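See below for the structure under consideration.
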Amino acid sequence: MARSANACAILACSWLLLVVSQRVLAIGVSISGVIVAPPVCIINGGNTLNVPFGNDLMTTRVDGVNYRRSVPYTVTCTGQPSNGMTLKLQGVGAGFNSAVLGTNNVNLGIKLFINGADWSLNNTVNFTYPDLPTMEAVPVKKPASTLSAGAFSASATLVVALQ
6 MARSANACAI
16 LACSWLLLVV
26 SQRVLAIGVS
36 ISGVIVAPPV
46 CIINGGNTLN
56 VPFGNDLMTT
66 RVDGVNYRRS
76 VPYTVTCTGQ
86 PSNGMTLKLQ
96 GVGAGFNSAV
106 LGTNNVNLGI
116 KLFINGADWS
126 LNNTVNFTYP
136 DLPTMEAVPV
146 KKPASTLSAG
156 AFSASATLVV
166 ALQ
């Protein structure tokens, strides 16, 4: 019986300690912030970006070096909280190389360069606005293929966003 009484006393003390240790202190929390509208950026004046390679590309000279062209574009932004931005060219890769933009010719793709370095399709590049990266494009053919003569085209979406 004494043992049972001691157990009850210990249990009661434990309960009292638990009640005392569960006492919660509360303080007020203030949360604040500022919501801003995203910047308005216009690429190329809202016009389609065209990269004309011309009408005289020789099928035997398309090698990823010949016919390299500058891709002139503009970006105008207003109301941005930061100059840190990203640039990405979104599109479907060529069947023979997903890093280059696919064209309507299965043996032909468009390789991209940003500031002179290889730029894989769908990869993001950081830049500081208003200093735009230099963009270039060059036709490349599928290795060990023979290009057929004829017009070709490709399309992609240029995306500019805040970092």
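For the sequence shown, this note's numbering begins at 6 and goes up steadily by one. Heads up, the beta-carbon is just placed ideally off N, CA and C, and yes, glycines get one too. As the structure is a computational prediction, the values presented were derived from the model and not from experiment.
- Relative to the Cα of L163, the nearest Cα in the group S150, P138, N88 and S37 belongs to P138.
- With a cutoff of 8 Å on beta-carbon distance, N102 and F157 are scored as not near each other.
- Apart from sequence neighbours up to five positions away, the residues of its chain that approach A142 with a beta-carbon distance below 6 Å are V56, R74, V76, I115 and L117, ordered along the chain.
- Here the alpha carbons of T83 and G50 stand approximately 13 Å from one another.
- Of all alpha-carbon atoms in L92, P144 and A149, the one lying nearest the alpha-carbon of G69 is that of P144.
- For M140, the enclosing beta strand (DSSP E) begins and ends at M140 to K146.
- N71 sits in coil when the DSSP states are folded into three classes, being neither helix nor strand.
- Separation of the CB atoms of T91 and A166 is rounded to 5 Å, and the pair is thereby assigned contact status at 8 Å.
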